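Chain order of the listed sequences is A and B. Residue numbering for the first sequence follows my numbering, starting at 289 and increasing by one per position. Residue numbering for the second sequence follows my numbering, starting at 4 and increasing by one per position. Every residue, glycine too, gets a C-beta built ideally from N, C-alpha and C. Just so we're clear, the structure is a prediction, and the values are computed from it rather than from any experiment.
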Amino acid sequence: MAAKSIISRPVYGTLSPQPGKHHLFVADAEGALAIGEMAERTPPGFFDGAEIVFIPGPDRKHVAALEALKPAQFHEAPSFASLLPRLRQTLANAHMGLRLYLSGTEGLIGQAMQAALEAGIDHTSIQTEHRGSLARRMQCVHCKGITENVTTQPATCAHCGLLLLVRDHYSRRIAAFQGVCINAEDRSEIPPMEEIFR
Amino acid sequence: MGITFRNETFRDDFTFRNSPEHIRRFPFPFHEDAYMYAVNIEPHVVGPKGSVLENLIDVDEHYVAEMQDRAMVLAEDPLRCQSLPHMTLAGWDLLELLMEQQAQGYPEHFTLTRDGDRWRWINRPLGIDDTFTFGDTSTLPYGPMEYITRQSQGDFCILDQRDGNLWMDAGMVTTQADWSLDFDIGMNFFEWHAPVPLAHEKGIFTRALKFLTNIQQGKPARRLNWTMTINPRLDTSPENYHKWGPDRTTVTPENVGDKVHLRVELQSFWRLPRSNGIVFPIRCYLIKMDELVTQPKWARRLHRVIRDLPDELANYKGLTRYRPTLVEWLSKLDDGSPTSPGFGPY
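Below is the structure:
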């Protein structure tokens, strides 16, 4: 779990079954474990009205376990970018009573929540549980480019190349932490790069 | 007699200066010889003639140059002005407020004529004479918020009020002290203030939010905030931090008086009548040390404030690198004699 931090940094909980007719799960990698643990506490027939969208790791671990929950629909996607059109369609056509559950890496939770916000879903109604990597999505405040899977502090912007301090300040709308040039005042000061978001 | 608008710049050759009258009316933010956060909010009522509070929306000698600088910032980065889709009505509210206030305070420069929804707005300093239909965005060259804030000094944030919170859902922000509208838009009051040190623990934001959500129409409030800026640069955005940041390494004992500026924000808070939003103008005033120390009390007090500022605050305000040089320079103007209470120069 992430350490206590500033108020804009997202706080994640533990998935728990919500009252509702339809349940949409979006998960990646170890996020499947959060769904599995929640399934032990769900009433019989809960997954009859559920759709699980899953992005497994390269080893396709946890796919069989999720299929065994017998959701109404199970969809496996190779990446978040590839599932986004489908997710947007599902959210746009959703009726009242759809409940959303997100579990896995921060990048997955953040980007799925971003799609949900765009569809008008209140972020406080969404169940989240963080599992797996602490790697961050970071937006460079200077060039606005997003760098995925940032594990170091500071980190190099994949777009403009500036050396960025990865802040805890987080935007749900952008689904990213803010990166600000760490040596803007004197470019000759190059602090050591440490791997801290694993 | 109207205002004589200065022809000056806030970038490149930095020709910005304050006239002697504008030095005396500068909103010095320290009422005692020390500074710590406080919920220093008070009713925004008209103050003495010749002060920045003579009118509730202040227009000064820097008006035209500031509007030119804003146009340059927007041409480079249009993301400095954004409004989420549900905020258009609040934009019209703001347009009405700023047109009314500027026309009332400065009739020689601004005129607003209304015939039902048909409005005519004359802005003489900027050479604008437009007739439009209030509420019909297609009759203006920009959205209502952008249109009027291209003609009004200061940054403007429009906050939507819902769920007992305030949400930063629209803004024109080109003269900010190092925060990004593009990143913070859509955040609530606590989220966009998240990076501010010390104040959350003191309960400052909880109390401030309670006050702000209760602001009534026709009863605006205000507070002062401050920081320091090297060179009279309005656009100290995080977006351009890698461009202006190196300025902080250029302060020497010889150039402190010319380069180091006290930057004061007069923040005010107004309830908007149709949208029930709150508009939060952040009006920025700059004064270089050479100008400020022409008032001996201000020189003594600023020396004591900067010298005794907690390191965490100095760091947050970006002063750390040049603070010793500044304190040394100011110390020569502080004979240790007492300063009178209050903000004024005497």
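Test item: CB-CB of residue i and residue j under 8 Å
i	j	result
T252(B)	E473(A)	yes
S413(A)	I323(A)	no
R286(B)	D72(B)	no
D166(B)	Q179(B)	no
L352(B)	Y38(B)	One cannot answer for residue 352(B) here, as it falls past the ends of chain B, which runs 4 to 349.
V267(B)	P32(B)	yes
H447(A)	C469(A)	no
P147(B)	W95(B)	yes
P223(B)	F272(B)	yes
L453(A)	C445(A)	no
H258(A)	I397(A)	Nothing can be reported for residue 258(A), as the shown portion of chain A is limited to 289 through 486.
P348(B)	W301(B)	yes
D36(B)	V254(B)	no
L269(B)	L227(B)	yes
F8(B)	V67(B)	yes
I131(B)	E64(B)	no
R460(A)	V438(A)	no
Beta carbon proximity, residue i to chain A, threshold 8 Å
i	result
E79(B)	no
E315(B)	no
M328(B)	The amino acid occupying residue 328(B) in the given sequence is Thr; Met does not appear at that position. Chain A, which has no Cβ nearer than 8 Å to the Cβ of T328(B), makes this no.
T152(B)	no
Y244(B)	yes
S86(B)	no
E204(B)	no
M75(B)	no
A224(B)	no
R251(B)	yes
G174(B)	no
Closer than 8 Å to chain B by CB, residue i
i	result
Q402(A)	no
A446(A)	no
R461(A)	yes
L450(A)	yes
S296(A)	yes
E468(A)	The sequence shown places Val at residue 468(A), not Glu. Cβ-Cβ to chain B under 8 Å: yes for V468(A).
A291(A)	For A291(A), the predicted structure reports a pLDDT of 45, less than 50, and the residue's modelled location is therefore unreliable. A value from the coordinates is still provided. Answer no: the Cβ-Cβ gap between A291(A) and chain B never drops below 8 Å.
D474(A)	yes
R329(A)	no
H418(A)	no
V429(A)	yes
H457(A)	yes
Proximal residues to residue i (C-beta, below 8 Å), its chain only, five neighbours per side dropped
i	result
I26(B)	I290, E294, L295, T297 and Q298
H457(A)	I294, S296, R297, F465 and Q466
V49(B)	L56, E57, N58 and L59
Residue from the options whose Cα sits closest to the Cα of residue i
i	options	result
G385(A)	R419(A), V438(A), E325(A) and A338(A)	A338(A)
V351(A)	R460(A), A320(A), H411(A) and A400(A)	A320(A)
P249(B)	G260(B), R304(B), G321(B) and I281(B)	G321(B)
Q441(A)	F313(A), I484(A), I462(A) and G395(A)	I484(A)
L372(A)	L357(A), E406(A) and E325(A)	E406(A)
F346(B)	S54(B), G5(B) and F17(B)	S54(B)
T91(B)	D139(B), T12(B) and L212(B)	D139(B)
A93(B)	S278(B), S343(B) and R225(B)	S278(B)
A462(A)	E355(A), I434(A) and L450(A)	One detail in the question is off: residue 462(A) reads as Ile in this sequence, not Ala. Ranking E355(A), I434(A) and L450(A) by Cα distance to I462(A) puts I434(A) first.
G388(A)	P305(A), R374(A) and P359(A)	Rather than Gly, the amino acid found at residue 388(A) in this sequence is Leu. For the residues P305(A), R374(A) and P359(A), the minimum Cα distance to L388(A) belongs to P305(A).
Q361(A)	F334(A), R486(A) and E394(A)	F334(A)
Same chain only: Cβ atoms within 7 Å of residue i, ignoring 5 sequence neighbours per side
i	result
V76(B)	R83, T177 and D238
Own chain, CB closer than 6 Å to residue i, minus 5 neighbours either side, in chain order
i	result
I233(B)	D250, R251 and K262
A327(A)	L357
V330(B)	I309 and R310
V314(A)	V341, L390 and A400
- Task: For the segment 118-126 of chain B and the segment 175-189 of chain B, state whether three or more C-beta atom pairs, one from each stretch, are separated by less than 8 Å.
- Result: No, the segment 118-126 of chain B is not in contact with the segment 175-189 of chain B.
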